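S.K.: Mapping to this note's numbering: the sequence shown position 77 is 95, numbers consecutive. Pasting a structure here, questions to come.
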Amino acid sequence: MESSWTLVATTLPCVPLPPNSQREPIRTKRLVIRPMQEDDLQSYHELRAQPEAMTGTARGRPDRDIDESRSAMSDFLSPKDDKMFLYGVFLASTGELIGEGGVHNLESSSCGWPEIGYKFRKEFWGQGYATEFLGAFLQAWWSLPRSHVKRRVCSSSVSRTKDSESEATEQVYANADVNNIGSRKVLEKLGFIQFSEWTEPDTQEHRIGQPLTLVGYCLSKKKGKDTINRD
Ligand SMILES: CC(C)(COP(=O)(O)OP(=O)(O)OC[C@H]1O[C@@H](n2cnc3c(N)ncnc32)[C@H](O)[C@@H]1OP(=O)(O)O)[C@@H](O)C(=O)NCCC(=O)NCCS
Numbered sequence: 019m020e021s022s023w024t025l026v027a028t029t030l031p032c033v034p035l036p037p038n039s040q041r042e043p044i045r046t047k048r049l050v051i052r053p054m055q056e057d058d059l060q061s062y063h064e065l066r067a068q069p070e071a072m073t074g075t076a077r078g079r080p081d082r083d084i085d086e087s088r089s090a091m092s093d094f095l096s097p098k099d100d101k102m103f104l105y106g107v108f109l110a111s112t113g114e115l116i117g118e119g120g121v122h123n124l125e126s127s128s129c130g131w132p133e134i135g136y137k138f139r140k141e142f143w144g145q146g147y148a149t150e151f152l153g154a155f156l157q158a159w160w161s162l163p164r165s166h167v168k169r170r171v172c173s174s175s176v177s178r179t180k181d182s183e184s185e186a187t188e189q190v191y192a193n194a195d196v197n198n199i200g201s202r203k204v205l206e207k208l209g210f211i212q213f214s215e216w217t218e219p220d221t222q223e224h225r226i227g228q229p230l231t232l233v234g235y236c237l238s239k240k241k242g243k244d245t246i247n248r249d
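Okay, here's the thing in structure tokens:
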């Protein structure tokens with residue numbers, strides 16, 4: 019990622035974030051999007067045991083056993099839930115868990131803005147579920163109470179307001195492997211704009227150290243509000 023950073027005045031969701039217990043389920047035409055809980059562990063493990071679903075993760079391999087999934091789950095359950103804004107994605111018709119996603123990092127090391135990620139079980143790819151999830155998720159994200167803050171962010175991610183040089187419209191960030199066409203299409207359909215592309219050593223276990231080209235995307239708060247995709 020580029021080395022030019024700038025300090026901006028912007029808005030961000032108030033921290034601590036509301037805990038899972040205070041987050042209302044989100045309903046769309048085909049999905050129920052709600053915080054996961056401990057008794058979702060078996061289905062969460064089935065998602066994380068799929069090599070295809072795990073391709074976009076830092077480690078890049080499926081969980082070896084349910085204990086690895088339990089450990090991953092503990093990162094977003096109470097008492098750590100006030101640092102992430104993650105949801106399980108369930109089919110409304112059957113109640114089964116088909117994916118998960120949300121903001122897993124409130125301050126991305128790549129560009130300073132909150133960072134979004136998601137993964138879905140391969141049987142459900144190509145049916146518009148990720149796009150349906152992300153549109154509804156963004157509405158919940160932009161609706162969180164906000165405070166005015168100063169934040170160091172990557173310069174090229176910033177769109178400044180006219181009033182002041184140091185003020186910047188709030189952004190949410192995501193990145194994708196340049197070859198991950200599915201994920202890039204999801205982001206672009208929701209209005210995310212590509213602002214960077216860079217190559218770094220891969221962290222995935224089967225490709226460790228090999229060059230990985232990533233594309234950085236941002237969506238500004240105003241634009242996000244215009245791209246609500248709920249039924
Ligand atoms: C990326 C991912 C979430 C997409 O989920 P999805 O439910 O299939 O996404 P959607 O159906 O909403 O949209 C995907 C779009 O990309 C297209 N697409 C998917 N894979 C593609 C490919 N290999 N080449 C070209 N287009 C592709 C789909 O046809 C669809 O386009 P359309 O809306 O014009 O028909 C899913 O593939 C996944 O979980 N991958 C593994 C984890 C991952 O990569 N997460 C993202 C990390 S950055």
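By construction, the Cβ of each residue, glycine as well, lies at the ideal position given by its N, Cα and C atoms. Note that the structure is a prediction, hence the values are computed from the model and not measured.
For ligand 1, is there a heavy atom less than 7 Å away from the beta-carbon of Ser87?
M.R.: Here residue 87 refers to the residue found at position 69 when the sequence shown is read from its first residue. Not so, every heavy atom of ligand 1 lies at least 7 Å from the Cβ.
S.K.: As a quick exercise: from Arg82, Leu237, Arg88, pick the residue whose alpha carbon is nearest that of Trp250.
M.R.: For residue 250 there is no data in the structure shown, the boundaries of the chain being 19 and 249.
S.K.: Rounded to whole angstroms, how far is the Cβ of Asp85 from the Cβ of Ala67, which I believe are closer than 8 Å?
M.R.: Within the sequence shown, numbered from 1, the residue matching residue 85 stands at position 67. Within the sequence shown, numbered from 1, the residue matching residue 67 stands at position 49. At roughly 12 Å, the Cβ-Cβ gap does not stay under 8 Å, so Asp85 and Ala67 are not in contact.
S.K.: Are the Cβ atoms of His166 and Thr46 separated by less than 8 Å?
M.R.: In the sequence shown, the residue the question calls residue 166 occupies position 148. In the sequence shown, the residue the question calls residue 46 occupies position 28. No, Cβ-Cβ distance for His166 and Thr46 is not below 8 Å.
S.K.: Candidates Tyr62, His224, Leu162: which alpha carbon is nearest Tyr136's?
M.R.: As a working mapping, residue 136 is identified with position 118 in the sequence shown. Of Tyr62, His224, Leu162, the residue nearest in Cα terms is Tyr62.
S.K.: Exposed or buried, which one is Pro31 when buried takes at least 16 other CB atoms within 10 Å?
M.R.: On the sequence shown, position 13 is the one that residue 31 refers to. Pro31 comes out buried.
S.K.: Would Thr184 and Ala27 be called neighbours here (beta carbons separated by less than 8 Å)?
M.R.: The residue labelled residue 184 in the question sits at position 166 within the sequence shown. The residue labelled residue 27 in the question sits at position 9 within the sequence shown. Note that residue 184 corresponds to Ser in the displayed sequence, not to Thr. Their beta carbons are under 8 Å apart, which means Ser184 touches Ala27 by this criterion.
S.K.: Tell me the rounded alpha-carbon separation between Ile134 and Gly227.
M.R.: In the sequence shown, the residue the question calls residue 134 occupies position 116. In the sequence shown, the residue the question calls residue 227 occupies position 209. Near 24 Å, if we compare the C-alpha coordinates of Gly227 and Ile134.
S.K.: Between which two residues does the alpha helix (DSSP H) holding Val85 run?
M.R.: Here residue 85 is taken as the residue at index 67 of the sequence shown, counted from 1. What sits at residue 85 in the sequence shown is Asp, not Val. Start and end: 84-92.
S.K.: Candidates Phe155, Tyr235, Arg202, Ala186: which alpha carbon is nearest Gly144's?
M.R.: Within the sequence shown, residue 144 is the residue found at index 126, counting from 1. With distances taken between Cα atoms, Gly144 lies closest to Arg202.
S.K.: Does the Cβ of Arg170 have 16 or more other Cβ atoms within 10 Å, making it buried, or fewer, making it exposed?
M.R.: Against the sequence shown, residue 170 aligns to sequence position 152. Flag for Arg170 reads exposed.
S.K.: Would you identify the three-state DSSP class for Leu95, choosing helix, strand or coil?
M.R.: As a first step, residue 95 is located in the sequence shown; it is residue number 77 there, counting from the start. Coil.
S.K.: Please state if the CB of Arg88 and the CB of Leu59 are separated by a distance shorter than 8 Å.
M.R.: By one-based count along the sequence shown, residue 59 stands at place 41. By one-based count along the sequence shown, residue 88 stands at place 70. Yes, the Cβ-Cβ distance between Leu59 and Arg88 is below 8 Å.
S.K.: Which partner residues of Asp5 appear in the DSSP bridge assignment?
M.R.: Examination of residue 5 is not possible in this model, given that the chain is present from 19 through 249 alone.
S.K.: Three-state secondary structure (DSSP) at Gly120?
M.R.: Within the sequence shown, numbered from 1, the residue matching residue 120 stands at position 102. If DSSP states are grouped into helix, strand and coil, Gly120 belongs with the strands.
S.K.: Starting from Ile226, trace the beta strand (DSSP E) both ways and give me its first and last residue.
M.R.: Within the sequence shown, numbered from 1, the residue matching residue 226 stands at position 208. It is not in any beta strand (DSSP E) - Ile226 carries neither H nor E in the DSSP assignment.
S.K.: Going by C-alpha to C-alpha distance, which of Glu141, Met72, Trp23 sits closest to Ser126?
M.R.: Translated into positions along the sequence shown, residue 126 becomes position 108. The residue with the shortest Cα to Cα distance from Ser126 is Trp23.
S.K.: Roughly how far, in whole angstroms, is the beta-carbon of Phe155 from the beta-carbon of Tyr105, given that I think they are within contact range, below 8 Å?
M.R.: To locate residue 155, count along the sequence shown from 1; it is residue 137. To locate residue 105, count along the sequence shown from 1; it is residue 87. With 8 Å as the limit, Phe155 and Tyr105 qualify as a contact, their Cβ atoms being about 6 Å apart.
S.K.: Indicate, with yes or no, if ligand 1 has a heavy atom lying under 7 Å from the CB of Gly144.
M.R.: Within the sequence shown, the letter at position 126 stands for residue 144. Answer for Gly144: yes, Cβ within range of ligand 1.
S.K.: Say the cut is 7 Å; is the CB of Lys47 nearer than that to a heavy atom of ligand 1?
M.R.: Walking along the sequence shown from the start, residue 47 turns up at place 29. No - ligand 1 has no heavy atom lying nearer than 7 Å to the Cβ of Lys47.
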